[in-house]
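Sequential numbering of the sequence shown, starting at 372, is according to our numbering.
Single-structure report; data block below.
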Amino acid sequence: MILGERVRLRAIEREDLPRFVLWLNDPEVRQGILIAIPLSMSQEEQWFSHMLERPSEEQPLVIEIKTPEGWKAIGNISFHTVDWRERSTEVGIVIGEKSFWNQGYGRDAMQLMLRHGFNNLNLNRIFLRVYASNPRAIRSYEKAGFVHEGRLRQAHFQDGQYVDVLIMSVVRSEWQA
Ligand SMILES: CC(C)(COP(=O)(O)OP(=O)(O)OC[C@H]1O[C@@H](n2cnc3c(N)ncnc32)[C@H](O)[C@@H]1OP(=O)(O)O)[C@@H](O)C(=O)NCCC(=O)NCCS
Numbered sequence: 372m373i374l375g376e377r378v379r380l381r382a383i384e385r386e387d388l389p390r391f392v393l394w395l396n397d398p399e400v401r402q403g404i405l406i407a408i409p410l411s412m413s414q415e416e417q418w419f420s421h422m423l424e425r426p427s428e429e430q431p432l433v434i435e436i437k438t439p440e441g442w443k444a445i446g447n448i449s450f451h452t453v454d455w456r457e458r459s460t461e462v463g464i465v466i467g468e469k470s471f472w473n474q475g476y477g478r479d480a481m482q483l484m485l486r487h488g489f490n491n492l493n494l495n496r497i498f499l500r501v502y503a504s505n506p507r508a509i510r511s512y513e514k515a516g517f518v519h520e521g522r523l524r525q526a527h528f529q530d531g532q533y534v535d536v537l538i539m540s541v542v543r544s545e546w547q548a
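Written out as structure tokens, the structure reads:
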């Protein structure tokens, strides 16, 4: 368990899979991520089995928030492949419960993940890719401390048109400062 004030990150359980399928089939949620084809429960179960074989630091974590009724799962966050020579990795986040968007939970979860990456895993650089068409995500990452680093022009095709993909990152030295 990685504990913050309003948010905590925990390992995924098999029981989480149905809510993941609901989130990842929501057209509004999918606008920001690289999933364009409807996802079935069977595909998600297959993904879960493969995921368990990955190194533990690359396994996604469930984002839970503190509510009056207790902790509630609202999304997930993960480091993709960790490059141990460069001490670098990419991070990805999805908050599937749309009623909790725009309340700072994305920023809080990302800041917890940065702390985990720098303080527990001893990483030096954490980066992400975000569609230029996703201003909510871009703003949330800026608030979490990410710096704009580059732009891959027309690197993503969405709704019949190309959009740019932005690269943002945090390096250990600026995070410590
Ligand atoms: C992207 C995501 C993780 C952000 O998390 P969140 O908790 O909703 O975001 P936060 O509350 O931390 O920050 C959102 C910020 O964007 C702002 N914002 C929202 N819509 C905006 C818009 N259309 N234009 C500009 N800013 C916008 C909010 O006002 C807020 O900024 P503020 O606190 O300065 O007012 C979450 O919305 C999500 O998972 N979306 C669906 C999947 C996705 O897009 N994942 C990211 C893939 S790169």
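Even for Gly, the Cβ is constructed at its ideal location relative to N, Cα and C.
What you are looking at is a predicted structure, and each value in this text was computed from that prediction instead of being measured.
Secondary structure remark: continuous alpha helix (DSSP H) runs of at least 4 residues inside the segment 458 to 512, in chain order: 476 to 486.
It is roughly 7 Å from the alpha-carbon of R522 to the alpha-carbon of D535. Distance from the CA of F528 to the CA of N396, rounded to the nearest whole angstrom, comes to 18 Å. Taking R507 as reference, the option from I404, L388, P389, V392 with the minimal CA-CA separation is I404. The beta-carbon distance between S540 and I497, rounded to whole angstroms, is 7 Å. This is short enough to meet the 8 Å contact definition. In this structure, the beta-carbon distance from V462 to E429 does not fall below 8 Å. If you check the CB distance, E468 and R379 do not come in under 8 Å.
Here E399 has K469 as same chain residues with Cβ atoms under 7 Å from its own Cβ, once five neighbours each way along the sequence are excluded. Not one heavy atom of ligand 1 sits closer than 7 Å to the Cβ of V433. The segment 482 to 490 and the segment 408 to 416 do not touch, with fewer than 3 CB-CB distances between them shorter than 8 Å.
For L499, the distance from the CB to the nearest heavy atom of ligand 1 is below 7 Å. Taking the CA atoms as reference points, R478 sits about 6 Å from K514.
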